[in-house]
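Participant:
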Amino acid sequence: MAGAGFKMDLSQLHKMVGGGSPVQLNQALCEELGEMLASSSRQRFKDEQGPDGEDWKKSRRAQEEGGQTLSDDGILKNSIGYEASDSMAIVGTNDIRAAIHNYGGVIKPKSGGKLAFNIGGRTVFTDKVTMPKRQFIGISEEDKEEAKDIIQNDMHRRFGLK
């Protein structure tokens with residue numbers, strides 16, 4: 606996934622469930638964790654809030670036209686997915702716009718000319734645009750708690766643990 610993403614380090618899961626022996630990973634567990642984390646990332650578009658609980662800066666389009674930031678067409682949100690194996694879950698998107706929105710940064714023209722944007726029906730030219738960080742990919746404290754519950758439920762199902 607080229608846009609933005611993260612790999613959940615599942616080798617340390619035993620620490621999340623209170624120590625003890627390492628969690629025995631399997632495809633089904635990694636799939637469930639991947640789906641939960643991808644769903645949580647998509648929910649951030651509705652909440653307009655990063656995994657750290659910080660509200661996103663409202664976009665100019667959302668301010669002028671109404672609606673939600675980063676949700677004009679839903680393509681970025683709907684591009685978030687996951688890949689899972691028997692030992693890992695990777696959550697992310699291959700949307701080329703993801704990194705600049707998730708991490709923030711400065712956009713400059715490739716050729717050294719000007720950037721052109723259509724804002725409010727008129728074309729605006731500028732040397733650069735500073736994009737604020739609007740993180741949607743990441744793990745929140747709530748995600749960690751839900752992952753812990755998923756892992757414990759998996760252990761109960763497979764090993765009859767209480």
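Numbering (our numbering), first residue to last: 606 to 767. Beta carbons: idealized from backbone N, C-alpha and C, even for Gly. Quick caveat: nothing in here was measured; it's all calculated off a predicted structure.
#1: Is there contact here, the region 735-755 with the region 642-660, by at least three beta-carbon pairs under 8 Å?
#2: DSSP puts asparagine 683 in a beta bridge; with which residues?
#3: For the beta strand (DSSP E) holding arginine 727, just list the boundary residues, first then last.
#4: Is it the case that the Cβ atoms of lysine 680 and asparagine 707 are separated by a distance below 8 Å?
#5: Taking the C-alpha atoms as reference points, what is the distance between serine 716 and phenylalanine 730?
#6: Within the continuous alpha helix (DSSP H) that includes asparagine 758, where are the two ends?
Facilitator: Inspection of the coordinates gives the following:
#1: Three or more pairs of CB atoms, one per stretch, sit closer than 8 Å, so the region 735-755 contacts the region 642-660.
#2: None; asparagine 683 has no bridge partner.
#3: That run of the beta strand (DSSP E) goes 727-731.
#4: Sequence check: residue 680 is isoleucine here, not lysine. The Cβ atoms of isoleucine 680 and asparagine 707 lie no closer than 8 Å to each other.
#5: The straight-line gap from Cα to Cα measures roughly 14 Å.
#6: Bounds of the alpha helix (DSSP H) holding asparagine 758 are 746-764.
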